[in-house]
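Reviewing the structure listed below.
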Amino acid sequence: MIWKTSRVSSACPTWGTRCSELRVTEPAAESRNGTRNSESIQRNLENTLRATFSFLGRLLGEVDWQTAPPGGQAMDDFRKYTCIQFVPHNGERDDYIRITAGNTGCWSSVGRIGGRQDVNLQVPGCVVKKGTVIHELMHAVGFVHEQSRYDRDEFVEIQWQNIKPGNTINFLKVGKDTTDHFGVKYDFGSVMHYSKNAFSVNGQATIIPKETNGGFFGAFDDLFGGTKPSLGQREGFSKQDIRKIRKMYNCDGPRRRNARSRPQVSLFDFFW
298 MIWKTSRVSS ACPTWGTRCS ELRVTEPAAE SRNGTRNSES IQRNLENTLR ATFSFLGRLL
358 GEVDWQTAPP GGQAMDDFRK YTCIQFVPHN GERDDYIRIT AGNTGCWSSV GRIGGRQDVN
418 LQVPGCVVKK GTVIHELMHA VGFVHEQSRY DRDEFVEIQW QNIKPGNTIN FLKVGKDTTD
478 HFGVKYDFGS VMHYSKNAFS VNGQATIIPK ETNGGFFGAF DDLFGGTKPS LGQREGFSKQ
538 DIRKIRKMYN CDGPRRRNAR SRPQVSLFDF FW
């Protein structure tokens with residue numbers, strides 16, 4: 298899902314780590330969630346393919362984050378599977394991403410906000426899995442959570458009674474007039490999807506999928522052994538994640554045909 302207007306909470310849920318979710322009601326969160334409109338998004342899509350980044354201090358001490366997992370792997374996956382390349386910021390561009398490691402969890406702005414914009418990856422929790430880094434970078438390039446889709450109620454049920462007090466805002470939908478799913482079907486396994494127990498107050502599911510996986514009797518899956526699909530993961534891009542990025546950034550356009558949707562290599566010399 299791509300952000301067009303208004304605001305949305307944009308941080309990662311927990312996946313074996315403790316990870317703070319930002320709230321749009323807090324002033325700090327307001328500065329971390331960019332307001333987007335269709336004109337600026339379209340202009341960015343036409344002109345943007347290389348995103349520059351820098352680091353605040355030494356993120357992992359003696360570790361070179363650009364070449365060591367999961368940070369380097371996450372950025373390399375963008376390069377291999379999409380037409381977006383992250384390159385070190387050399388000061389020549391006004392708009393760039395700064396990677397920080399503050400004690401405030403995993404968070405990012407949604408889309409390009411102009412000037413320096415921070416992506417925070419608290420150490421060690423937010424840099425254990427490659428998919429967590431990909432999740433936050435997908436926010437930075439313009440995507441909100443999968444379960445925030447305006448059509449999500451066709452695919453999942455939110456169990457509001459099981460959500461921790463103060464966290465229900467993280468489960469709100471965004472409007473059809475503010476987002477675009479580019480014709481890509483709902484993706485239960487997206488790196489942008491919450492897990493089934495995200496922000497649970499009692500250990501019970503907060504999100505329940507409506508569809509079933511691989512049942513023997515089709516419409517009777519629930520009665521005859523059908524299993525509900527798993528929700529979310531933080532291992533890396535799903536195929537649908539890649540499709541959405543490639544559609545949003547026109548990776549298969551005339552000037553970008555060499556970009557591939559499967560594990561291959563592709564570089565482009567456009568700037569963000």
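If you want the working numbering, it's the position in the sequence shown, counting the first as 1, plus 297.
C-beta: ideal position from N, C-alpha, C; glycine also.
Since the model is a prediction, treat every value here as computed from it, not as a measurement.
>> Report the start-end ranges of each alpha helix (DSSP H) in the region 356-441 that is 4 residues or longer and not cut off at the edges.
In response: 368-378, 427-437
>> Rounded to the nearest angstrom, what separates Asn540 and Val481 at their Cα positions?
In response: The count along the sequence shown starts at 1 and reaches residue 540 at position 243. The count along the sequence shown starts at 1 and reaches residue 481 at position 184. As written in the sequence, residue 540 is Arg, which differs from the Asn given in the question. One C-alpha to the other measures close to 7 Å.
> Just checking, does the region 411-423 make contact with the region 390-400 on the three C-beta pairs under 8 Å criterion?
Replying inline: yes
> What residues in its chain sit with their C-beta under 6 Å from that of His442, if we drop five residues either side in the sequence?
Replying inline: The residue labelled residue 442 in the question sits at position 145 within the sequence shown. So the list reads Met489, once near-sequence residues are dropped.
> If you draw a straight line from the C-alpha of Ile455 to the C-alpha of Phe468, how long is it?
Replying inline: Against the sequence shown, residue 455 aligns to sequence position 158. Against the sequence shown, residue 468 aligns to sequence position 171. Near 8 Å, if we compare the C-alpha coordinates of Phe468 and Ile455.
> Can the beta-carbon of Arg531 be found less than 9 Å from the beta-carbon of His386?
Replying inline: For the purposes of this step, residue 531 is taken as residue 234 along the sequence shown, with counting starting at 1. For the purposes of this step, residue 386 is taken as residue 89 along the sequence shown, with counting starting at 1. Going by C-beta atoms, Arg531 is not nearer than 9 Å to His386.
> In or out: Ser335 buried (at least 16 other Cβ within 10 Å) or exposed?
Replying inline: Translated into positions along the sequence shown, residue 335 becomes position 38. Any reading at Ser335 must be qualified, since the residue scores a pLDDT of 36, below 50, and its modelled position is unreliable; the value itself is stated next. Ser335 should be labelled exposed.
> Can you tell me whether Gln458 is buried or exposed, with buried defined as 16 or more other CB within 10 angstroms of its CB?
Replying inline: Residue mapping note: residue 458 aligns to position 161 of the sequence shown, counting from 1. By the neighbour-count rule (16 or more Cβ atoms within 10 Å), Gln458 is not buried but exposed.
> What number of angstroms, rounded off, separates the C-alpha of Thr429 from the C-alpha of Tyr378?
Replying inline: The residue you call residue 429 lines up with position 132 of the sequence shown. The residue you call residue 378 lines up with position 81 of the sequence shown. Their Cα atoms are separated by approximately 17 Å.
>> Tell me the residue span of the beta strand (DSSP E) that contains Ile505.
In response: For the purposes of this step, residue 505 is taken as the residue at position 208 of the sequence shown. 504-506 is the span of the beta strand (DSSP E), which, as asked, contains Ile505.
> How big is the Cα-Cα spacing for Ile466 and Val407?
Replying inline: Taking the first residue of the sequence shown as position 1, residue 466 is located at position 169. Taking the first residue of the sequence shown as position 1, residue 407 is located at position 110. The straight-line gap from Cα to Cα measures roughly 16 Å.
> Anyone know if the C-beta pair for Ser445 and Gly486 falls short of 9 Å?
Replying inline: Sequence index remark: in the sequence shown, residue 445 carries index 148 (1-based). Sequence index remark: in the sequence shown, residue 486 carries index 189 (1-based). No, these two residues do not count as a Cβ contact at 9 Å.
> Quick one: Cα of Lys544 to Cα of Phe479, how far?
Replying inline: Here residue 544 is taken as the residue at index 247 of the sequence shown, counted from 1. Here residue 479 is taken as the residue at index 182 of the sequence shown, counted from 1. Approximately 7 Å between the Cα atoms of the pair.
> CA-CA distance, Gln382 and Ile504?
Replying inline: As a first step, residue 382 is located in the sequence shown; it is residue number 85 there, counting from the start. As a first step, residue 504 is located in the sequence shown; it is residue number 207 there, counting from the start. If I take the Cα positions, the gap works out to 33 Å.
>> Please report the straight-line C-alpha distance between Thr524 and Val384, rounded to a whole angstrom.
In response: Reading the sequence shown from its first residue, position 227 is the one you call residue 524. Reading the sequence shown from its first residue, position 87 is the one you call residue 384. Approximately 42 Å between the Cα atoms of the pair.
>> In the DSSP output, which residue or residues are listed as bridge partners for Val453?
In response: The residue labelled residue 453 in the question sits at position 156 within the sequence shown. Bridge partners of Val453: Pro506.
> So what does DSSP say about Asp474, is it helix, strand or coil?
Replying inline: On the sequence shown, position 177 is the one that residue 474 refers to. In this structure, Asp474 counts as coil in the three-state DSSP scheme.
> Per DSSP, Ser487 is paired with what?
Replying inline: Reading the sequence shown from its first residue, position 190 is the one you call residue 487. For Ser487, which the question treats as bridged, DSSP gives no partner whatsoever.
>> Am I right that Val420 and Ala398 are in contact with their C-beta atoms under 8 Å? What's the rounded C-beta distance?
In response: Looking up residue 420 in the sequence shown gives position 123. Looking up residue 398 in the sequence shown gives position 101. The pair is a contact, with the Cβ atoms about 5 Å apart (cut-off 8 Å).
> In terms of residue numbering, what span does the alpha helix (DSSP H) encompassing Asp538 cover?
Replying inline: Against the sequence shown, residue 538 aligns to sequence position 241. Note, Asp538: alpha helix (DSSP H), 536-545.
> Ser497 by DSSP, collapsed to three states: which one?
Replying inline: By one-based count along the sequence shown, residue 497 stands at place 200. Three-state result, Ser497: strand.
> If you drop the 5 nearest sequence neighbours on each side, which residues of the same chain put their C-beta closer than 7 Å to that of Tyr491?
Replying inline: Residue numbering aside, residue 491 sits at position 194 when the sequence shown is read from its first letter. So the qualifying residues of the chain are Pro310, His442, Gln444, Ile504, Leu528, Gly529.
>> Within 10 Å of its beta-carbon, does Pro367 have 16 or more other beta-carbons around it, so buried, or fewer, so exposed?
In response: Translated into positions along the sequence shown, residue 367 becomes position 70. Pro367 comes out buried.
> Do you know how far the Cα of Asn464 is from the Cα of Lys493?
Replying inline: Position 196 of the sequence shown, counted from the first residue, corresponds to residue 493. Position 167 of the sequence shown, counted from the first residue, corresponds to residue 464. Using only the alpha carbons, I get a separation of about 15 Å.
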